[in-house]
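Under the numbering used here, the first residue of the sequence shown is numbered 1186, with each subsequent residue one higher.
Inspection log for the structure reproduced underneath, given as structure tokens.
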Amino acid sequence: MKRIIFYSWQSDLPSKSNRNIIEGALKKALSAIKKDASETVEPVLDRDTAGNPGSPSISDTIFKKISTSDVFIADVSIINASESSKKTSNPNVLIELGFAISQLGWDRIILIQNTFFGGPEELPFDLRGRRVVTYSYDPEDDTKSEVRGILQGRLEHALKYALKDSSVGSLQSGSSAPVWWGEWINYNHNRSYGGHLFIRETSSAGFLFDLSVYSGSHSGKITSQAVFVSRDMAYAKIQNQNSEYGEISFRRNIVDGKKFLSIDETADCSSHRGMGVIFSGEFQWSSDNLFELGFLNELDLQRIYSVLGSYYFDFKKRMEGIGEGENLDTFEAKVFYGGVRGMYTYMEGIIMLSSEGGIWLAYLDDNDIKYFTNDINWKTKTPRTIDNWRSRFQQVEIKYISDTSTLPHDALGEILKNLEDEMTEE
1186 MKRIIFYSWQ
1196 SDLPSKSNRN
1206 IIEGALKKAL
1216 SAIKKDASET
1226 VEPVLDRDTA
1236 GNPGSPSISD
1246 TIFKKISTSD
1256 VFIADVSIIN
1266 ASESSKKTSN
1276 PNVLIELGFA
1286 ISQLGWDRII
1296 LIQNTFFGGP
1306 EELPFDLRGR
1316 RVVTYSYDPE
1326 DDTKSEVRGI
1336 LQGRLEHALK
1346 YALKDSSVGS
1356 LQSGSSAPVW
1366 WGEWINYNHN
1376 RSYGGHLFIR
1386 ETSSAGFLFD
1396 LSVYSGSHSG
1406 KITSQAVFVS
1416 RDMAYAKIQN
1426 QNSEYGEISF
1436 RRNIVDGKKF
1446 LSIDETADCS
1456 SHRGMGVIFS
1466 GEFQWSSDNL
1476 FELGFLNELD
1486 LQRIYSVLGS
1496 YYFDFKKRME
1506 GIGEGENLDT
1516 FEAKVFYGGV
1526 RGMYTYMEGI
1536 IMLSSEGGIW
1546 LAYLDDNDIK
1556 YFTNDINWKT
1566 KTPRTIDNWR
1576 SRFQQVEIKY
1586 ISDTSTLPHD
1596 ALGEILKNLE
1606 DEMTEE
């Protein structure tokens, strides 16, 4: 699989000491990775407007290339070491770097610095704590091949690490993969405040969300759209009844494999909440094991929800322990079985997904088997694979569900009920 490595170079420093030596080391590092039998990727070097015919808009072409690249490499060497003014890297490189951070995230960025012109301590403050591949080369020296060899080794190591975090060609999944879509809960045990967030539609530009919060008997609710301002941050502008606008920001993070979303009411949204209630809080993702165990990605989850609607939450509970199964049908599909430990034959589910978007799904409910599909040819019959799965529960009636709602369910009401039950028990 080809992976694109974009190189952002600068021309303020001599080409011999920077652009040429870096590009040469990069090409050799990429060639070594291609020859490595343990690697399954084919890295390809790209830069500025190379490969674009005619006279394209330079900035548009560069930004487009950066956004579709797998790894971004920037030469952040200090360009004004001999001056008494504040030290800086090339401004154009810094602009491209800022854009790359918003599109790719730091895990897929490599910084290179020729320390002959200044060390990492002279970099802009927010770059000092990042991983920087360093080398030192005086353009007047004759040791270029030796320095390039050292730089090649360091780049090869950094590239292998960054390429493992690149997901072009397949959407990420697994416990360490970021996610926006889904159910997020701010639940405080035995405390009378909290909230629920459901991000029910996402796109490349942003997402549609339903945010509910409570404090005692007071509550607040917002349904609105947020736009992405970086890979891990989004922003929503909320209109109040007095025509003024409130603001809510969303920042996602992963800590020890757990996904969190920090919500901050950065400008007052009081028209949408009661006295003493605030939308700010730390929300944790309500895990879906199909995603967490690496079987399905975020887009797959949205497709499933579009078929199941509010039934999705019951299905998710049944897919706790998951395994891949054999497809017994003539059409192409991946098959996954799931169940709850100690409750098999009571809480089980099965799902089939085709690469063309087809979904066939069934799960055991209290009194029946609920079956769903988005394939019109299978609305009133089940695939052979699902028939084989439910042969163990032949006495259980199957219901063909075709009417589902994707509007938000009353999750906040469920949270409040659970809180009330806990306090009653104590």
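In this text, a Cβ means the ideal position worked out from N, Cα and C, and glycines have one as well.
Only a predicted model underlies this, so the values are computations on that prediction, with no experimental measurement involved.
Quiz item: Within 8 angstroms (strictly less), CB to CB, does Pro1363 reach chain D?
Solution: Protein chains in the displayed structure number just one, and chain D is not present.
Practice problem: Confirm, please, whether the CB-CB distance from Gly1527 to Ile1507 is below 8 angstroms. | Solution: As a position in the sequence shown, residue 1507 is number 322, starting the count at 1. As a position in the sequence shown, residue 1527 is number 342, starting the count at 1. Their beta carbons are not under 8 angstroms apart, which means Ile1507 does not touch Gly1527 by this criterion.
Self-check item: Close-in-space but distant-in-sequence residues of the same chain around Val1353 (CB under 7 angstroms, 5 per side omitted)
Solution: By 1-based counting over the sequence shown, the position of residue 1353 is 168. With a pLDDT of 46 at Val1353, under the threshold of 50, the predicted position of this residue should be treated as unreliable, though the coordinate-derived value follows. Same-chain partners within the cutoff: Arg1188, Asp1255.
Practice problem: Please state if the CB of Ala1343 and the CB of Ile1295 are separated by a distance shorter than 8 angstroms. | Solution: Translated into positions along the sequence shown, residue 1295 becomes position 110. Translated into positions along the sequence shown, residue 1343 becomes position 158. Ala1343 sits close to Ile1295, with the two beta carbons spaced by under 8 angstroms.
Exercise. Tell me, please, which residues DSSP counts as bridged to Lys1555.
Key: Within the sequence shown, the letter at position 370 stands for residue 1555. DSSP lists Tyr1548, Lys1584 as partners of Lys1555.
Self-check item: Delimiting residues of the beta strand (DSSP E) encompassing Glu1450
Solution: For the purposes of this step, residue 1450 is identified with residue 265 of the sequence shown, where counting begins at 1. For Glu1450, the uninterrupted beta strand (DSSP E) run begins and ends at 1443-1452, by DSSP.
Self-check item: Helix, strand or coil at Asn1373 [DSSP, three-state]
Solution: Locating residue 1373 in the sequence shown gives position 188, counting from the first residue. The answer is coil: DSSP assigns Asn1373 none of H, G, I, E or B.
Practice problem: Would you check if the stretch 1456-1475 and the stretch 1399-1409 touch, i.e. whether three or more CB-CB distances between them fall below 8 angstroms? | Solution: Of all C-beta pairs linking the stretch 1399-1409 to the stretch 1456-1475, three or more are shorter than 8 angstroms, placing the two stretches in contact.
Quiz item: Using DSSP with H/G/I as helix, E/B as strand and the rest coil, what is Gly1239?
Solution: As a first step, residue 1239 must be located in the sequence shown, where it is residue number 54. Low confidence applies to Gly1239: its pLDDT is 41, below 50, so where it sits in the model is not reliable, and the reading given next is rough at best. In this structure, Gly1239 counts as coil in the three-state DSSP scheme.
Practice problem: Would you mind reading off the limits of the alpha helix (DSSP H) that contains Val1525? | Solution: Position 340 of the sequence shown, counting from 1, holds the residue named residue 1525. Note, Val1525: premise wrong, no alpha helix (DSSP H); not H, not E.
Quiz item: From which residue to which residue does the beta strand (DSSP E) around Phe1413 run?
Solution: Position 228 of the sequence shown, counting from 1, holds the residue named residue 1413. That run of the beta strand (DSSP E) goes 1403-1415.
Quiz prompt | Those runs of the beta strand (DSSP E) which lie wholly inside the stretch 1251-1311 and span at least 3 residues | solution = 1256-1260, 1294-1299
Quiz prompt | Burial state of Arg1316, where buried means 16 or more other Cβ atoms lie within 10 Å | solution = Residue mapping note: residue 1316 aligns to position 131 of the sequence shown, counting from 1. Exposed, because fewer than 16 other Cβ atoms sit within 10 Å of the Cβ of Arg1316.
Quiz item: Taking the DSSP output, what are the residues bridged to Ser1434?
Solution: As a first step, residue 1434 must be located in the sequence shown, where it is residue number 249. In DSSP, Ser1434 forms a bridge with Tyr1420, Asp1449.
Quiz item: What did DSSP end up calling Arg1188 once you bin it into helix, strand or coil?
Solution: Position 3 of the sequence shown, counted from the first residue, corresponds to residue 1188. Three-state DSSP puts Arg1188 in a strand.
Quiz item: So Ile1258 and Phe1191 are in contact, right, with Cβ under 8 angstroms, and what is the actual spacing, rounded?
Solution: Counted from its first residue, the sequence shown places residue 1258 at position 73. Counted from its first residue, the sequence shown places residue 1191 at position 6. Indeed they touch by this definition, with Cβ atoms about 7 angstroms apart.
Quiz item: Would the beta-carbon of Gly1367 fall within 8 angstroms of that of Ser1196?
Solution: On the sequence shown, position 182 is the one that residue 1367 refers to. On the sequence shown, position 11 is the one that residue 1196 refers to. No; because the gap between Cβ atoms is not below 8 angstroms, this pair is not in contact.
Quiz item: Counting Cβ pairs, one atom from each stretch, are 3 or more of them under 8 angstroms apart for the stretch 1276-1291 and the stretch 1413-1427?
Solution: yes
Quiz item: Per DSSP, Phe1516 forms a beta bridge with which residues?
Solution: Your numbering for residue 1516 matches position 331 in the sequence shown. Partner(s): none; Phe1516 has no beta bridge.
Self-check item: Rounded separation between Lys1249 and Thr1565 - CA only
Solution: One-based indexing of the sequence shown puts residue 1249 at position 64. One-based indexing of the sequence shown puts residue 1565 at position 380. Whole-angstrom Cα-Cα distance: 46 angstroms.
Quiz item: So, helix, strand or coil for Arg1458, using DSSP?
Solution: For the purposes of this step, residue 1458 is taken as the residue at position 273 of the sequence shown. In this structure, DSSP gives Arg1458 an extended state, which the three-state scheme calls strand.
Quiz item: What does DSSP give as the partner residues of Met1537 in its beta bridges?
Solution: Numbered from its first residue, the sequence shown carries residue 1537 at position 352. According to DSSP, which records beta bridges pairwise, Met1537 is partnered with Val1520, Trp1545.
Quiz prompt | Pairwise C-alpha distance: Asp1572 and Arg1313 | solution = Numbered from 1 along the sequence shown, position 128 holds the residue referred to as residue 1313. Numbered from 1 along the sequence shown, position 387 holds the residue referred to as residue 1572. Taking the straight line joining both Cα atoms gives about 59 angstroms.
Practice problem: Look at the alpha carbon of Phe1476 and the alpha carbon of Asp1485, and state the distance between them as a whole number of angstroms. | Solution: The residue labelled residue 1476 in the question sits at position 291 within the sequence shown. The residue labelled residue 1485 in the question sits at position 300 within the sequence shown. Going by the C-alpha atoms only, they are around 9 angstroms apart.
Quiz item: If you draw a straight line from the alpha carbon of Gln1469 to that of Trp1369, how long is it in whole angstroms?
Solution: Stepping through the sequence shown from its first residue, residue 1469 is reached at position 284. Stepping through the sequence shown from its first residue, residue 1369 is reached at position 184. The alpha-carbon atoms of Gln1469 and Trp1369 are separated by roughly 5 angstroms.
Quiz item: In or out: Ser1358 buried (at least 16 other Cβ within 10 Å) or exposed?
Solution: For the purposes of this step, residue 1358 is identified with residue 173 of the sequence shown, where counting begins at 1. Flag for Ser1358 reads buried.
Quiz item: Alpha carbon to alpha carbon, how far is Ser1491 from Ile1544?
Solution: By one-based count along the sequence shown, residue 1491 stands at place 306. By one-based count along the sequence shown, residue 1544 stands at place 359. Distance between the alpha carbons of Ser1491 and Ile1544: 10 angstroms.
Self-check item: Of the residues Ala1347, Lys1422, Glu1541, Thr1253, the one placed nearest Phe1392, counting alpha carbons only
Solution: By 1-based counting over the sequence shown, the position of residue 1392 is 207. Measuring C-alpha to C-alpha distances from Phe1392 to each of Ala1347, Lys1422, Glu1541, Thr1253 identifies Lys1422 as the nearest.
Quiz item: Leaving out five residues before and five after Ile1536 in sequence, what residues of the same chain have Cβ atoms less than 6 angstroms from its Cβ?
Solution: As a working mapping, residue 1536 is identified with position 351 in the sequence shown. Closer than 6 angstroms at the Cβ level, and outside the excluded window around Ile1536, lie Phe1521, Leu1546.
Exercise. Below 6 angstroms CB to CB, which residues in the same chain sit around Phe1383 once its five sequence neighbours on both sides are set aside?
Key: Mapped onto the sequence shown, residue 1383 falls at position 198. Once the five neighbours on either side are set aside, the close Cβ partners of Phe1383 are Glu1368, Asp1395, Pro1593.
Self-check item: For Val1525 and Met1532, the rounded distance between their alpha carbons
Solution: As a working note, residue 1532 is residue 347 in the sequence shown. As a working note, residue 1525 is residue 340 in the sequence shown. So the alpha carbons of these two residues sit roughly 6 angstroms apart.
Quiz item: Should Gly1239 go down as buried or exposed, given a rule of 16 or more other Cβ atoms within 10 Å for buried?
Solution: Against the sequence shown, residue 1239 aligns to sequence position 54. Confidence at Gly1239 is low in this model, with a pLDDT of 41, below 50, so its placement is unreliable and the value that follows should be read with caution. By the neighbour-count rule (16 or more Cβ atoms within 10 Å), Gly1239 is not buried but exposed.
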